[in-house]
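In what follows, a single structure is set out as C-alpha cells and then discussed.
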Amino acid sequence: MKPYFRQIFLLVLVVFVYHYFSPKNKARYKITAVVNKYNNDKACPIRLYREYFLVYSSYMATDVNSVYLTDSLSFRLYLGIYDVDGEHIDTKCEGDTLVVTKKERTSDRSEWNFERITERKTYSLKQLRCNGLFE
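Numbering follows this note's numbering, with no gaps: position 24 of the sequence shown is 86.
Set out below in C-alpha cells:
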C-alpha cells in the first residue's frame, strides 16, 4: 500500500504546484488598465483592457505577471507572461489590427539600455469579437 501512497502524493503535489504557479491562474488578480488611454489609440474602434495577474512573487527575485487582453464583452485573450524587472508587453491598436509585442531590456546600465522585441503577434479585432475566444 505504501507505493500507491507515494504515487498519489506526488500526483497531488504536481497538480497543486502546476495550478498555483500556472501563468493562467486567475486567483491572484492585480489590476485592470485601459489600453486605449495609455497608448493614445485614437483609431481603435473598441475600448480594450489589459488584466494583470501575479504568477510568481519572491523576496529575492522580481515578480512575474501574466497579461490578458479583453473588451469585457466578447473576447479575452491570453497575451503571455513577463518579468517586471526587465520585460513588458505592449499592445497597439491600428484600426482593425491589434499588434502585441513583448520587449525586454538588453542591459541594466541606463546608457546601454535598449529594448529588444522578443515576440510579436498580430490579431484582427473583428475575428476576436466574432470568435468569442475566452482564455
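All C-beta atoms, glycine included, are put in the ideal place defined by N, C-alpha and C.
No experiment lies behind these values; they were computed from the predicted model shown.
Residue 151: buried (16+ other C-beta within 10 angstroms of its C-beta) or exposed?
Flag for residue 151 reads buried.
I'd like to know whether the C-beta atoms of residue 195 and residue 155 end up nearer to each other than 9 angstroms.
Against a cut-off of 9 angstroms, the Cβ pair of residue 155 and residue 195 comes out as no contact.
With distances taken from CA atoms, which of 191, 90, 75 and 94 is nearest residue 137?
Comparing Cα positions, the closest option is 191.
Count the other CB atoms within 10 Å of the CB of residue 134; is the residue buried (16 or more) or exposed (fewer)?
It is exposed - the Cβ of residue 134 has fewer than 16 other Cβ atoms within 10 Å.
Do residue 153 and residue 187 have their beta-carbon atoms positioned less than 9 angstroms apart in this structure?
No, they are not a contact pair.
Find out if the Cβ-Cβ distance for the pair residue 108, residue 128 is shorter than 9 angstroms.
No, Cβ-Cβ distance for residue 108 and residue 128 is not below 9 angstroms.
By the three-class DSSP mapping on this structure, what secondary structure does residue 137 have?
Coil at residue 137, not helix or strand.
For residue 181 and residue 92, what's the separation of their Cα atoms in angstroms?
Their Cα atoms are separated by approximately 23 angstroms.
Determine the direct distance from the alpha carbon of residue 157 to that of residue 163, and round the result to whole angstroms.
Those two C-alpha atoms are separated by around 17 angstroms.
Note down, in chain order, each residue of its chain lying with its Cβ closer than 8 angstroms to the Cβ of residue 184, except the 5 sequence neighbours on either side.
Only 159, 160, 161 and 162 meet the Cβ criterion.
Following the continuous beta strand (DSSP E) through residue 155, name the residue where it begins and the one where it ends.
Start and end: 149 to 156.
Near residue 94, which residues of its chain fall below 8 angstroms by C-beta distance, leaving aside the five closest residues on each side in sequence?
So the list reads 111, 112, 113 and 114, once near-sequence residues are dropped.
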